[in-house]
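*Asks:* Below you will find the structure I want to go over with you.
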Amino acid sequence: MNPTNQQEQPKQKGKFIVFEGPDGMGKSKQSQLALDYLIEERVIDTVLTKEPGSSLLQFTGDLREMIFHRPYSSSLDQVEQGLLLFIDHYHNARWVRELTDHGRNVISDKWLYSQYCYNSIKPVSQETAMDLYEQFEPLQIQPDLVIIMGLDKEEAYRRIEKREKEGEKKTQAKHKLWAVDDYIGELIKNYATLYHGLVNDEIPTITVVPKNEETPEEVFEKYIKGQINLTLEGE
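Mapped onto the UniProt record's numbering, the consecutive letters of the sequence shown carry residue numbers 1 to 235.
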């Protein structure tokens, strides 16, 4: 057979891996460790994004400022805030789909699931805005692996308080945004519900609850790296 007549094999689709969990659980650090591992050790083309407001995408960083930081955030009601989050996710989802369709792997520090978990503890629901997610097919991207990070509630609050003392204004803004005294406790419950929902939908999902004394590097080696390798080896 003439090689010029052979059809070019389609590029294998890239993998999409999501780290989820409440604030203070270490998901951002684990997302970065996963990226470093795939690029430096396995030499695999991989991109890291986050929600809301990936710095890799045009204008979504500005949306993050509007959602969480004054003077913009104080003038938004819950529906307006939800619509901004929707625009951010829509833009990000289109980008993730394009990358994975062209064979690149994507790691996301939070995804659409976090909006459902956080929305349910707010004093006023964003249901009007959240309904939009069900109507747009490009948003329905099923991850190849979801890793839900968990920690002891008191340890999570300790980490958040440490960030506030170090001057992370965004953490203070988030803490006030939810207007719930024990918002981490409520989120832990919501993420437990999310885990069972994802498993029922047959989306590969694990929960990682490391010991407080384990370093981020130890957590990655012990709980996460093997799961990522299995995901990459799957068809």
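Backbone N, C-alpha and C define an ideal beta-carbon position, used for all residues, glycine too.
Values in this document were obtained by computation on a predicted structure and should not be read as measured data.
Count the other CB atoms within 10 Å of the CB of residue 23; is the residue buried (16 or more) or exposed (fewer)?
*Replies:* What you label residue 23 is simply residue 23 of the sequence shown in a count that begins at 1. By the neighbour-count rule (16 or more Cβ atoms within 10 Å), residue 23 is buried.
*Asks:* One question on the structure: do residue 18 and residue 95 come within less than 8 angstroms of each other, judged by their Cβ atoms?
*Replies:* Residue numbering aside, residue 18 sits at position 18 when the sequence shown is read from its first letter. Residue numbering aside, residue 95 sits at position 95 when the sequence shown is read from its first letter. Not in contact: residue 18 and residue 95 (Cβ atoms no closer than 8 angstroms).
*Asks:* Could you give the DSSP three-state label for residue 226: helix, strand or coil?
*Replies:* Taking the first residue of the sequence shown as position 1, residue 226 is located at position 226. Looking at residue 226 - three-state DSSP - the assignment turns out to be helix.
*Asks:* For the alpha helix (DSSP H) containing residue 218, list its first residue and its last residue.
*Replies:* Indexing the sequence shown from 1 puts residue 218 at position 218. It spans 216-219 - the alpha helix (DSSP H) in which residue 218 sits, taken as one unbroken run.
*Asks:* So, for residue 222: in the same chain, excluding its five sequence neighbours on each side, which residues have a beta-carbon less than 8 angstroms away from its beta-carbon?
*Replies:* Within the sequence shown, residue 222 is the residue found at index 222, counting from 1. The residues are 210 and 214.
*Asks:* Following the continuous beta strand (DSSP E) through residue 18, name the residue where it begins and the one where it ends.
*Replies:* Taking the first residue of the sequence shown as position 1, residue 18 is located at position 18. Residue 18 -> beta strand (DSSP E) spans 16-20.
*Asks:* What does a CB cutoff of less than 6 angstroms around residue 113 pick up in its chain, not counting 5 residues either side in sequence?
*Replies:* The residue given as residue 113 occupies position 113 in the sequence shown. Closer than 6 angstroms at Cβ, skipping near neighbours: 20 and 194.
*Asks:* In the DSSP assignment, what residue or residues form a beta bridge with residue 50?
*Replies:* Mapped onto the sequence shown, residue 50 falls at position 50. DSSP lists 109 as partners of residue 50.
*Asks:* Residue 104 and residue 43 - do their beta-carbons sit closer together than 8 angstroms?
*Replies:* The residue you call residue 43 lines up with position 43 of the sequence shown. The residue you call residue 104 lines up with position 104 of the sequence shown. For residue 43 and residue 104, no; Cβs fall outside 8 angstroms.
*Asks:* Are the beta-carbon atoms of residue 93 and residue 141 separated by less than 8 angstroms?
*Replies:* For the purposes of this step, residue 93 is taken as the residue at position 93 of the sequence shown. For the purposes of this step, residue 141 is taken as the residue at position 141 of the sequence shown. The answer is yes: Cβ separation under 8 angstroms.
*Asks:* Is residue 226 buried or exposed, if buried means 16 or more other CB atoms sit within 10 Å of its CB?
*Replies:* If you number the sequence shown from 1, residue 226 lands on position 226. Under this definition residue 226 is an exposed residue.
*Asks:* Determine the burial state of residue 15: buried for a count of at least 16 other Cβ atoms within 10 Å of its Cβ, exposed for fewer.
*Replies:* Walking along the sequence shown from the start, residue 15 turns up at place 15. Classification of residue 15: buried, given that the 10 Å Cβ count is 16 or more.
*Asks:* DSSP puts residue 145 in a beta bridge; with which residues?
*Replies:* Locating residue 145 in the sequence shown gives position 145, where the first residue counts as 1. In DSSP, residue 145 forms a bridge with 17.
*Asks:* Under the rule that 16 or more other beta-carbon atoms within 10 Å means buried, what is residue 119, buried or exposed?
*Replies:* Sequence index remark: in the sequence shown, residue 119 carries index 119 (1-based). So residue 119 counts as buried.
*Asks:* Report all residues from its chain with a CB closer than 8 angstroms to the CB of residue 231; omit the five preceding and five following residues, and keep chain order.
*Replies:* Here residue 231 refers to the residue found at position 231 when the sequence shown is read from its first residue. Within the same chain, residue 231 has close Cβ partners 15, 17, 144, 145 and 204.
*Asks:* With residue 199 as the anchor, note down where its beta strand (DSSP E) starts and where it stops.
*Replies:* If you number the sequence shown from 1, residue 199 lands on position 199. Unbroken run through residue 199 is the alpha helix (DSSP H), 183-200; no beta strand (DSSP E).
*Asks:* Are the beta-carbon atoms belonging to residue 25 and residue 185 less than 8 angstroms from one another?
*Replies:* Residue mapping note: residue 25 aligns to position 25 of the sequence shown, counting from 1. Residue mapping note: residue 185 aligns to position 185 of the sequence shown, counting from 1. No, the Cβ-Cβ distance between residue 25 and residue 185 is not below 8 angstroms.
*Asks:* What do you reckon, are the CB atoms on residue 51 and residue 108 nearer than 8 angstroms?
*Replies:* In the sequence shown, residue 51 corresponds to position 51, counting from 1. In the sequence shown, residue 108 corresponds to position 108, counting from 1. Going by C-beta atoms, residue 51 is nearer than 8 angstroms to residue 108.
*Asks:* Would you kindly report the start and end of the unbroken alpha helix (DSSP H) that includes residue 96?
*Replies:* Here the question's residue 96 lines up with position 96 in the sequence shown. That run of the alpha helix (DSSP H) goes 78-101.
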